[in-house]
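At position 65 of the sequence shown the residue is numbered 124 (the working numbering), and the sequence of numbers has no breaks.
No residue lacks a Cβ here, since even glycine has one placed at the ideal position from N, Cα and C.
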Amino acid sequence: MSDSWTIERHFDGVDALHGLGIPAEPTRAIRWCVPERSAVVLGSAQPIEHIDVAAAEQLGIDVVRRRSGGGAVLVEPGDIAWVDVLIPRDDPLWCDDVGRAFWWLGEVWRDALDALGHAGAVVHRGALITTEWSRLVCFAGLGPGEVTIDGRKVVGISQRRTRQGAVFQCAVVRRFALDRLVAVLALAPEERRRLVAAVAPTVGAVPDVDPVVLADTLEEKLRLHEGSGTATHP
60 MSDSWTIERH
70 FDGVDALHGL
80 GIPAEPTRAI
90 RWCVPERSAV
100 VLGSAQPIEH
110 IDVAAAEQLG
120 IDVVRRRSGG
130 GAVLVEPGDI
140 AWVDVLIPRD
150 DPLWCDDVGR
160 AFWWLGEVWR
170 DALDALGHAG
180 AVVHRGALIT
190 TEWSRLVCFA
200 GLGPGEVTID
210 GRKVVGISQR
220 RTRQGAVFQC
230 AVVRRFALDR
240 LVAVLALAPE
250 ERRRLVAAVA
260 PTVGAVPDVD
270 PVVLADTLEE
280 KLRLHEGSGT
290 ATHP
């Protein structure tokens, strides 16, 4: 297996970007996704009733669904650096354990952030941490391989698998517009206040990270990663 990575860049609506999926014969690829419109993205099993569709329409926020699990994510142009990392099933980076399969990629993100001056990033290697709000809002929980700085999540990762390979959808937070996200959730006023109080302290951001520099740094760290499979084990 070659350690080379194909680089793709896509500019489109969020629904179309999520629709890119996994090719029939995937190879190692880094797919940078640049959304052209705002959207709230539901997890694969998340009910549409979680969203106030009329409020979203009024705010100019599309409502779309991804094929990976988890809660809602607000995608706004410029606020999130979004990258899909694809590997085939026969890649040395592949791990049959769905939880541990994220670890190596979290390590790459940690190294990239460290190189950009954000030292102290931590890769979560435990089980999925759920909260009262994590079924509703993705960044209210913490999954394997996700990255925190000072206890606040700055890199979220979800995964979708097929028989041919996997795509890891990564979101690096540059600005977390919690007010905009809460505005499109179908919640009573008191629930909104409780959600904000619970979630605001758990999400961080790296606003000074330039997306172009981040792209170059991530690509460099991925190419340096040996992909021996040892990163997926304690």
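Rounded distance between the beta-carbons of Val144 and Cys92, thought under 8 Å = As a working mapping, residue 92 is identified with position 33 in the sequence shown. As a working mapping, residue 144 is identified with position 85 in the sequence shown. Going by Cβ atoms, the distance from Cys92 to Val144 rounds to 11 Å, so no, they are not a contact pair.
Length of the line joining the Cα atoms of His109 and Val122 | Locating residue 109 in the sequence shown gives position 50, where the first residue counts as 1. Locating residue 122 in the sequence shown gives position 63, where the first residue counts as 1. One C-alpha to the other measures close to 11 Å.
Drop a sphere of 10 angstroms on the beta-carbon of Glu95, count the other beta-carbons inside from all chains shown, and report buried for 16 or more, exposed for fewer.
-> Indexing the sequence shown from 1 puts residue 95 at position 36. Counting Cβ neighbours within 10 Å, Glu95 comes out exposed, since fewer than 16 surround it.
With DSSP as the reference, label Gln117 as helix, strand or coil.
-> Here the question's residue 117 lines up with position 58 in the sequence shown. Three-state DSSP puts Gln117 in a helix.
Alpha-carbon to alpha-carbon, Arg125 and Gly78 = Reading the sequence shown from its first residue, position 19 is the one you call residue 78. Reading the sequence shown from its first residue, position 66 is the one you call residue 125. When rounded, the distance between both Cα atoms is 8 Å.
Considering only C-alpha positions, which residue in the set Gln218, Gln117, Ser103 and Ala264 is nearest to Asp156?
-> If you number the sequence shown from 1, residue 156 lands on position 97. Taking only the C-alpha atoms, the option nearest Asp156 is Gln218.
Return the chain-ordered ranges of every beta strand (DSSP E) run that is complete within the stretch 92-146 and spans a minimum of 3 residues.
-> 98-101, 121-124 and 132-134
DSSP on Asp71, reduced to helix/strand/coil?
-> Along the sequence shown, one-based indexing puts residue 71 at 12. Strand, per DSSP.
Under a three-way DSSP split, which group does Leu201 fall into?
-> Here residue 201 corresponds to residue number 142 of the sequence shown, with the count starting at 1. Residue state, collapsed to three classes: strand.
Given Val142 as reference, the closest of Leu283, Glu249 and Glu67 once Cα atoms are compared = By one-based count along the sequence shown, residue 142 stands at place 83. The candidate whose alpha carbon is nearest that of Val142 is Glu67.
C-alpha gap between Arg234 and Asp173, whole angstroms | As a position in the sequence shown, residue 234 is number 175, starting the count at 1. As a position in the sequence shown, residue 173 is number 114, starting the count at 1. Going by the C-alpha atoms only, they are around 19 Å apart.
If you compare alpha carbons, which of Arg222, Leu240, Leu254 and Val268 is closest to Gly330?
-> Residue 330 cannot be examined here, being either before or after the span of the chain that is shown, 60 to 293.
Give the single residue among Gly128, Glu166 and Val232 whose Cα lies nearest to the Cα of Ala264.
-> Counted from its first residue, the sequence shown places residue 264 at position 205. Of the candidates Gly128, Glu166 and Val232, the one whose C-alpha sits nearest the C-alpha of Ala264 is Val232.
Would Ile107 be called buried (16 or more neighbouring beta carbons within 10 Å of its own) or exposed?
-> Locating residue 107 in the sequence shown gives position 48, where the first residue counts as 1. Exposed, by the Cβ-count rule.
Can you name the residues that DSSP bridges to Cys229?
-> Start at 1 with the first residue of the sequence shown, and residue 229 comes out as number 170. Answer by DSSP bridge pairing, in chain order: Val142 and Ile216.
By a C-beta neighbour count over all protein chains shown, 10 Å radius and 16 as the cutoff for buried, is Ala115 buried or exposed?
-> The residue labelled residue 115 in the question sits at position 56 within the sequence shown. The residue in question, Ala115, is buried, as its Cβ has 16 or more Cβ neighbours within 10 Å.
Keeping to the same chain, check which residues put their C-beta closer than 8 Å to that of Lys212; ignore five residues upstream and five downstream.
-> Within the sequence shown, residue 212 is the residue found at index 153, counting from 1. Excluding residues within five positions, the ones whose Cβ falls inside 8 Å are Phe198, Leu201, Glu205, Val206, Val232, Thr261, Val262 and Gly263.
Cβ contact (3+ pairs, closer than 8 Å) linking the stretch 163-181 and the stretch 273-284 | yes
From Ala186 to Leu240, what distance separates their C-alpha atoms?
-> Sequence index remark: in the sequence shown, residue 186 carries index 127 (1-based). Sequence index remark: in the sequence shown, residue 240 carries index 181 (1-based). Each residue's alpha carbon lies about 26 Å from the other.
Own chain residues within Cβ distance below 6 Å of His292, not counting five before or after | Here residue 292 refers to the residue found at position 233 when the sequence shown is read from its first residue. Residue placement at His292 cannot be trusted, given a pLDDT of 35 that sits under 50; the coordinates are not used to answer.
Name the residue from Leu195, Gly210 and Thr86 whose alpha carbon lies nearest to the alpha carbon of Arg251.
-> Position 192 of the sequence shown holds residue 251. Of Leu195, Gly210 and Thr86, the residue nearest in Cα terms is Leu195.
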